[in-house]
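In the working numbering, the protein residues as written are 424 to 639. Every residue gets a Cβ at the ideal spot worked out from N, C-alpha and C, and that includes glycine. The model shown is predicted, which means the values in this text are computed figures rather than measured ones. Have a look at the structure below, then the notes.
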Amino acid sequence: MKLKKINSTLQENLEKNGLVEPTTLQKKTFGTIKSGRDVVIFGPKEQGKTTAMVIAAIQRADRPVENEIATKVLIVVKDKFEVERLMEVFEAYSKYTDLRIYGVHDYTDLDDDKNQLSLGNDILIGTATRLNEMFASAGFDVNQLKMYIIDDIDIQLRNRLEPRLHRLSESIGKAQRLYLATEFVEQLDMFADKSLTEDAEWFDFYDDEEEEDDNE
């Protein structure tokens, strides 16, 4: 996949999985996400939001550091099935990077999850409920966290998870935020005001598509 300054190992993994050319959404958001600014992305599934997110997470986590146990990228997803799906995607795209990726959800064992994180972790994927339980317990170091990602934020806000998502955001403090949605929901305005920086970038694929149609 041809994207400027993409990790070479990641690029090879993407191409081995048939992802040779980036979508419009991936091309237009890659540089902004890589810059470290907070970003909100709206777009359809077929534009590859998941792939854009995985690319961003792997690029941001970079490479594991020996004896460093703190999580670098936190990804909040809507349910158990999405945790399991993303784990499979990361396994394919992070091959040969040595990144430590772990998934937790409402049905995993909390003590096992804590023990696993104590051994070292670069990218943590989980549901809002389970992550709140983990953050509430002692020993979860968020000081090295570089990126806080919420996937399907429109669905999660509709499911009234805003308080849990906000608690996670507040406990993290300074880290890049990346929110992904299929469509805009009213709750997102208030949530963004409380959690994003003033220079956050909003990318709406649907608006860009309409502008291109108007110019034809």
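Classification of residue i by the beta-carbon crowding that lies within 10 angstroms, buried from 16 upward
| i | result |
| --- | --- |
| T620 | exposed |
| E514 | exposed |
| D622 | exposed |
| A559 | exposed |
| S517 | buried |
| K427 | exposed |
| R523 | buried |
| V527 | buried |
| G454 | exposed |
| F504 | exposed |
| K439 | exposed |
Of the listed residues the options, nearest to residue i (C-alpha basis)
| i | options | result |
| --- | --- | --- |
| R553 | Q567, L591, K518, E511 | L591 |
| A551 | V565, L584, N544, L542 | L584 |
| Y629 | V500, M570, T605, V506 | T605 |
| K483 | V463, Q599, E624 | Contrary to the premise, residue 483 reads as Arg rather than Lys in this sequence. It is Q599 whose Cα lies nearest to the Cα of R483. |
| L641 | F563, Q434, L547, G459 | Because the chain here runs from 424 to 639, residue 641 falls outside it and cannot be looked at. |
| D521 | S618, I481, D461 | I481 |
| N566 | I464, A493, T432, E444 | A493 |
| V506 | K495, Y525, D627 | Y525 |
| V499 | E438, E435, Y519, M570 | M570 |
| L580 | F614, L433, N538 | F614 |
| G543 | E491, V608, I576, G549 | E491 |
| P445 | G459, M476, D564 | M476 |
| I572 | T432, L601, S541, K425 | L601 |
| K617 | D461, L433, L442 | D461 |
| T531 | D612, E556, Q610, V608 | E556 |
| K501 | I578, I456, S458 | I578 |
| G441 | K425, N430, I456 | K425 |
| T432 | V463, I478, W625, I595 | I478 |
| Y519 | N436, L603, D612 | N436 |
| P586 | D574, D575, Q610, F563 | Q610 |
Counterpart residues of residue i in DSSP-defined beta bridges
| i | result |
| --- | --- |
| G526 | I548 |
| F465 | A604, D627 |
| Y571 | L497, R600 |
Run of the beta strand (DSSP E) containing residue i, from where it starts to where it stops
| i | result |
| --- | --- |
| F626 | 624-627 |
Endpoints, alpha helix (DSSP H) assigned at residue i
| i | result |
| --- | --- |
| Q539 | 533-541 |
| N582 | Unbroken run through N582: none, as it is neither H nor E. |
| R483 | 472-484 |
| E514 | 503-516 |
| N436 | 431-439 |
| M613 | 610-618 |
| S458 | 447-458 |
Quick one: any contact between the segment 435-449 and the segment 471-483, if contact means 3 or more CB pairs under 8 Å? yes
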